[in-house]
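Participant: The number in our numbering is simply the position in the sequence shown, starting from 1, with 82 added. Each residue gets a CB set at the ideal place from its N, CA and C atoms; glycine is no exception.
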Amino acid sequence: MRIFCSFVLVAEALGTLVIWALLWRDPTLGAWFLPPDVAPELIWTFVGADMLTFVALPLAAGHGVFHGCRWAGPALWLHAGGVLYAAVLAISLTVATGAGLACTLLSVPVAALAVWFAVWASRSWPHATE
């Protein structure tokens, strides 16, 4: 499970970087993630939060899980909280406006896995090494 968890977290970070690279290349793709009355270029207001929540935290947590670090569990919970917030925001946006379906489809599975990994670590982490 440690290898699977680490792999998924690294894949999440890399996937997020790919999405942002595509948005950098074509900012109009931001329309897939925002309400219809918002300029697609405003997607850039989310870059800092996404780099922390969907890149830095999963990379750190994945490293911690892979190496059995004591701090991996709290890192997984911090990551889970961030992506769960993003998923609830995305679902709310889609329900309220009918827009942002891409954001919902990307964030809900990530949030589900993040919570699952955090619960798993909380229940099976007596083997921490540092």
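Measuring straight from C-alpha to C-alpha, what distance separates L188 and A178?
Facilitator: As a first step, residue 188 is located in the sequence shown; it is residue number 106 there, counting from the start. As a first step, residue 178 is located in the sequence shown; it is residue number 96 there, counting from the start. If you draw a straight line from the Cα of L188 to the Cα of A178, it comes to about 18 Å.
Participant: DSSP on L116, reduced to helix/strand/coil?
Facilitator: Along the sequence shown, one-based indexing puts residue 116 at 34. If DSSP states are grouped into helix, strand and coil, L116 belongs with coil.
Participant: Going residue by residue through the region 135-164, where are the continuous alpha helix (DSSP H) segments of at least 4 residues, counting only ones entirely within it?
Facilitator: With a minimum length of 4 residues, the unbroken runs of alpha helix (DSSP H) contained wholly in the region 135-164 fall at 139-149.
Participant: Within its chain, find whatever has a CB closer than 8 Å to the CB of A162; leave out the 5 residues flanking it on each side and keep chain order.
Facilitator: Translated into the one-based positions of the sequence shown, residue 162 becomes position 80. Cβ within range, chain order: A193, A196, V197, F199 and A200.
Participant: Can you confirm whether the region 107-123 touches the region 150-170 when touching is taken to mean that 3 or more C-beta pairs between the two stretches lie within less than 8 Å?
Facilitator: no
Participant: Between which residues of its own chain and G182 is the CB-CB distance below 8 Å, once the five residues before and five after are set aside?
Facilitator: Looking up residue 182 in the sequence shown gives position 100. W114, F115, L116, P117, A172, L175 and T176.
Participant: With a 10 Å radius around its C-beta and 16 neighbouring C-beta atoms as the bar for buried, classify V129 as buried or exposed.
Facilitator: Sequence index remark: in the sequence shown, residue 129 carries index 47 (1-based). Burial call: exposed.
Participant: From S88 to E94, what distance separates their C-alpha atoms?
Facilitator: Looking up residue 88 in the sequence shown gives position 6. Looking up residue 94 in the sequence shown gives position 12. If you take the alpha carbons of S88 and E94, they lie about 10 Å apart.
Participant: Pull up the CB-CB distance for L141 and G164, whole angstroms please, since I reckon it's below 8 Å.
Facilitator: If you number the sequence shown from 1, residue 141 lands on position 59. If you number the sequence shown from 1, residue 164 lands on position 82. About 13 Å separates the two Cβ atoms, so there is no contact after all.
Participant: Please report the distance separating the alpha-carbon of V120 from that of V137.
Facilitator: Translated into positions along the sequence shown, residue 120 becomes position 38. Translated into positions along the sequence shown, residue 137 becomes position 55. Looking at the two C-alpha atoms, the distance is approximately 25 Å.
Participant: Measure the C-alpha to C-alpha separation of V147 and A103 and round it to an integer number of angstroms.
Facilitator: Here residue 147 is taken as the residue at index 65 of the sequence shown, counted from 1. Here residue 103 is taken as the residue at index 21 of the sequence shown, counted from 1. Those two C-alpha atoms are separated by around 27 Å.
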